[in-house]
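>
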């Protein structure tokens, strides 16, 4: 299981074919938390980093800044330093998401053949290297190179969902997706707070230490959850299928799964495609409105950076509480119903945020927003994990992760354009109404267990 005879770390991979589910989930949770702390500790320092590159007259930074200025003028965004920093950070985040979109299905396909453990360790080594590049240099080019390496290596999250999909029981998969969601909530709550208390030059070294600790921890304790007899027969097949996913249309059709070995039946494949479309539409709308929150609270309530930090701390803490007390207790087969309720909750949530001019209205909207955010992605991931043969789970979850990355790459830029061209009330009203599209797609959907029973 990754422990030696005396309970210490051993360099050889685990040999027991069916590791205890609770132990796997505990290792995944701690590993993801370390990874997300390393990632989020740098977020509050990004504006200061961008300002320092501008003051240093970095030529590469200057070319990027001219592109941001052009886009800001095109959408009518006011010329203000804080807005510019948010837009610049959003552009870098979109590039990071595009890289995840390109690499997530390939990572999943490779893990279906070679196993989850070696590919996970390779991804974590790449992430540690990205922080080392950032920490060792002070140029904007090195910062972009670190984000490039990090985006390519960020397959550990989709691999974590594939490991959960490998677990034998539906209840374990449901708990596992909630555990992953809780790790995200805690990471995005604690990491920025930790980063805000650090000097800019210290944070990359702390991120490197956390990433290296994560690599060592999973090297010692992460078992292999995909036995050799259940793996895909060839990497070449996985790569050919995953290459289809570079086309957004093929990605939405789960072409890699449909053309793989032992694909789902026609009805189940149709349901999987519908779930993928729901996932994409939800994250496209949600990530866009989430991104414009920083514009809205500064424009309407004059929130400082510290007050925005407190707002996101409140959101993260609420999400972690809901995931621990409610989401992980949702019984198998009830996930789709929970997602539908949560999506409906988002309609009044974003209407309150978009139209409310008082702090109580904003607080109530954020509370409802946090409830939905804590439920939708873990539950949808749990349902999708029930599709595909054991040798396809990595490709299935990599495809889902790739859809999410594509949505997060495009959603913020579209929402920012609508926000500044049409105004906050129109932006939040239109997007609130559009949440009824994924809700309608889920109305007649059956879970994998229900489909199998019917067949």
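Residue numbers (our numbering): 42 to 496.
Glycine included, each C-beta is placed from N, C-alpha and C at the ideal position.
Values in this document were obtained by computation on a predicted structure and should not be read as measured data.
Who are the near neighbours of residue 94 in its chain, counting only those whose CB is closer than 7 Å to its CB and skipping five residues on each side?
If you number the chain shown from 1, residue 94 lands on position 53. Within the same chain, residue 94 has close Cβ partners 102, 181.
> On the CB-based measure, 16 or more other CB atoms within 10 Å of its CB, does residue 48 come out buried or exposed?
Position 7 of the chain shown, counted from the start, is the residue given in the question as residue 48. Because the pLDDT at residue 48 is just 46, under 50, the model does not fix this residue reliably, and the point stays unresolved.
> When the Cα atoms are used, what is the spatial distance from residue 244 to residue 179?
Position 203 of the chain shown, counted from the first residue, corresponds to residue 244. Position 138 of the chain shown, counted from the first residue, corresponds to residue 179. Roughly 13 Å separates the two Cα atoms.
> For residue 461 and residue 118, what's the separation of their Cα atoms in angstroms?
For this step, residue 461 is matched to residue 420 along the chain shown. For this step, residue 118 is matched to residue 77 along the chain shown. Using only the alpha carbons, I get a separation of about 6 Å.
> When the Cα atoms are used, what is the spatial distance from residue 496 to residue 485?
As a working note, residue 496 is residue 455 in the chain shown. As a working note, residue 485 is residue 444 in the chain shown. Model confidence at residue 496 stands at a pLDDT of 45, short of 50, so the residue's coordinates are unreliable; what they give is reported in the following sentence. Each residue's alpha carbon lies about 17 Å from the other.
> Taking the beta carbon of residue 287 as the centre, do at least 16 other beta carbons fall within 10 Å, making it buried, or is it exposed?
Taking the first residue of the chain shown as position 1, residue 287 is located at position 246. It counts as exposed.
> Please determine, among 298, 247, 87, the residue with the shortest C-alpha to C-alpha distance to residue 431.
Looking up residue 431 in the chain shown gives position 390. It is 298 whose Cα lies nearest to the Cα of residue 431.
> Between 403, 169, 267, which lies nearest to residue 187 when the distance is taken from Cα to Cα?
Taking the chain shown and counting its residues from 1, the one referred to as residue 187 is at position 146. When each option's Cα is compared against that of residue 187, the closest is 169.
> Report the start-end ranges of each alpha helix (DSSP H) in the region 128-185 that is 4 residues or longer and not cut off at the edges.
Correct list: 157-177.
> Count the C-beta pairs between the region 156-164 and the region 231-243 that are closer than 8 Å, then say yes if the count reaches three, no if not.
Cβ pair count under 8 Å is below three, so no.
> Buried or exposed: which applies to residue 224, given that a residue is buried once 16 or more other Cβ atoms fall within 10 Å of its Cβ?
Start at 1 with the first residue of the chain shown, and residue 224 comes out as number 183. Burial call: buried.
> Should residue 81 be labelled buried (16 or more other beta-carbon atoms within 10 Å of its own) or exposed?
Numbered from 1 along the chain shown, position 40 holds the residue referred to as residue 81. Buried, since its Cβ has 16 or more Cβ neighbours within 10 Å.
> Where do the ends of the alpha helix (DSSP H) carrying residue 339 lie?
Here residue 339 is taken as the residue at index 298 of the chain shown, counted from 1. Start and end: 307-342.
> Going by DSSP, what residue range makes up the alpha helix (DSSP H) through residue 433?
Working through the chain shown from its first residue, we reach residue 433 at position 392. No alpha helix (DSSP H) contains residue 433, which DSSP labels as neither H nor E.
> At the level of alpha carbons, what is the spacing between residue 498 and residue 358?
No answer is possible for residue 498: the residues shown for the chain start at 42 and end at 496.
> Answer yes or no: do residue 138 and residue 164 have a C-beta to C-beta separation smaller than 8 Å?
Looking up residue 138 in the chain shown gives position 97. Looking up residue 164 in the chain shown gives position 123. Cβ distance not < 8 Å, so residue 138 and residue 164 don't count as in contact.
> Does the count of Cβ pairs from the region 102-113 and the region 248-261 closer than 8 Å reach three?
Judged by Cβ distances under 8 Å, the region 102-113 makes no contact with the region 248-261, as fewer than three pairs qualify.
> Is it buried or exposed for residue 312, if we count other Cβ within 10 angstroms and need 16 for buried?
Here residue 312 refers to the residue found at position 271 of the chain shown. Buried, because 16 or more other Cβ atoms sit within 10 Å of the Cβ of residue 312.
> Once you ignore the five residues that flank residue 254 on each side, which residues in its own chain have a CB closer than 7 Å to its CB?
As a working note, residue 254 is residue 213 in the chain shown. Within the same chain, residue 254 has close Cβ partners 75.
> If you reduce the DSSP assignment to three classes, tell me which class residue 243 lands in.
The residue labelled residue 243 in the question sits at position 202 within the chain shown. In the structure shown, residue 243 sits in coil (DSSP, three-state: anything other than H, G, I, E or B).
> Assuming residue 320 and residue 441 form a contact by the criterion Cβ under 8 Å, report the distance between their Cβ atoms to the nearest whole angstrom.
Reading the chain shown from its first residue, position 279 is the one you call residue 320. Reading the chain shown from its first residue, position 400 is the one you call residue 441. That pair is a contact at about 6 Å.
> Figure out for me which residue from 177, 454, 363 has the closest Cα to the Cα of residue 414.
Here residue 414 refers to the residue found at position 373 of the chain shown. The shortest C-alpha separation from residue 414 is found at 363.
> If we ignore side chains and look at the alpha-carbon of each, how far apart do residue 150 and residue 343 end up?
If you number the chain shown from 1, residue 150 lands on position 109. If you number the chain shown from 1, residue 343 lands on position 302. Going from the Cα of residue 150 to the Cα of residue 343 covers about 47 Å.
> Keeping to the same chain, check which residues put their C-beta closer than 7 Å to that of residue 476; ignore five residues upstream and five downstream.
Within the chain shown, the letter at position 435 stands for residue 476. Answer for residue 476: 326, 384, 387, 388, listed in chain order.
> Taking 8 Å as the cut-off, does the region 461-475 touch the region 372-382 (at least 3 CB pairs, one atom from each stretch)?
The region 372-382 vs the region 461-475: no contact.
> Quick one: what does DSSP say residue 266 is sitting in, helix, strand or coil?
Numbered from its first residue, the chain shown carries residue 266 at position 225. If DSSP states are grouped into helix, strand and coil, residue 266 belongs with coil.
> Determine whether the beta carbon atoms of residue 259 and residue 68 lie at a separation below 8 Å.
Working through the chain shown from its first residue, we reach residue 259 at position 218. Working through the chain shown from its first residue, we reach residue 68 at position 27. Going by C-beta atoms, residue 259 is nearer than 8 Å to residue 68.
> Under three-state DSSP, which class holds residue 238?
Taking the first residue of the chain shown as position 1, residue 238 is located at position 197. Correct three-state label for residue 238: coil.
> Please state whether DSSP places residue 195 in a helix, a strand or coil.
Translated into positions along the chain shown, residue 195 becomes position 154. If DSSP states are grouped into helix, strand and coil, residue 195 belongs with coil.
> Any contact between the region 389-398 and the region 258-275? By contact I mean 3 or more CB pairs, one from each, below 8 Å.
No, the region 389-398 is not in contact with the region 258-275.
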